[in-house]
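Peer 1:
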Amino acid sequence: GGYVADTNQSSCVACPAGHFAIPGSSTCTPCPAGLHASAGSSECHLCDGGYIPDAAQTSCVACPAGRFAVPDSPTCTSCPAGLFTSAGSSECHLCDGGYIPDPDVDRSSCFACPAGSFAVSG
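Residue numbers for the sequence shown follow the working numbering, beginning at 219 and rising by one.
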């Protein structure tokens with residue numbers, strides 16, 4: 219699998235990355251949306267949590283800080299208000315008591331509350 223006959227049918231060539239061929243197939247097929255494959259693959263794969271397929275569907279890339287992806291998700295999602303996450307995460311988190319998500323950096327970190335104010339965890 220993952221290889222098809224060349225145009226002269228004299229040898230086999232690997233399917234390009236982002237495509238697959240099942241054993242006995244004569245054509246390479248693009249991976250369905252949300253899946254990826256390396257060159258010569260006989261099947262497409264899901265990405266782990268915190269990662270999504272790149273635009274060419276050739277590998278997985280980490281979601282940026284402030285965004286997350288559950289396992290098998292084709293897209294990164296922004297953390298809800300009040301939560302934060304680092305790059306490559308599959309979930310968002312609450313800040314510890316006395317800290318709040320930094321809205322200026324897309325909920326990617328927490329910072330201490332200003333003097334005279336407070337925040338409780340949860």
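Cβ coordinates follow ideal geometry from the N, Cα and C atoms, glycine included.
#1: Please return the same chain residues whose Cβ sits closer than 7 angstroms to the Cβ of C265, not counting the five positions on each side in sequence.
#2: Excluding the 5 residues flanking V231 on each side, which residues of the same chain have their C-beta closer than 6 angstroms to its C-beta?
#3: Figure out for me which residue from A235, G268, P282 has the closest Cα to the Cα of A274.
#4: Among residues of its own chain, excluding the 5 on either side of S256, which ones have a beta-carbon nearer than 6 angstroms to its beta-carbon?
#5: Looking only at C-alpha atoms, which of G268, Y269, P248 sits nearest to E261?
#6: Measure from the alpha carbon of A333 to the alpha carbon of each residue in S243, Y317, S291, S326, then state which is nearest.
Peer 2: In short, the structure shows the following:
#1: Position 47 of the sequence shown, counted from the start, is the residue given in the question as residue 265. Correct list, in chain order: H254, P271, C278.
#2: Within the sequence shown, numbered from 1, the residue matching residue 231 stands at position 13. Around V231: D224.
#3: Working through the sequence shown from its first residue, we reach residue 274 at position 56. Comparing Cα positions, the closest option is A235.
#4: Looking up residue 256 in the sequence shown gives position 38. Correct list, in chain order: A235.
#5: Taking the sequence shown and counting its residues from 1, one reaches residue 261 at position 43. Minimum Cα distance to E261 is reached at P248.
#6: For the purposes of this step, residue 333 is identified with residue 115 of the sequence shown, where counting begins at 1. Checked all of S243, Y317, S291, S326; the closest Cα to A333 is Y317.
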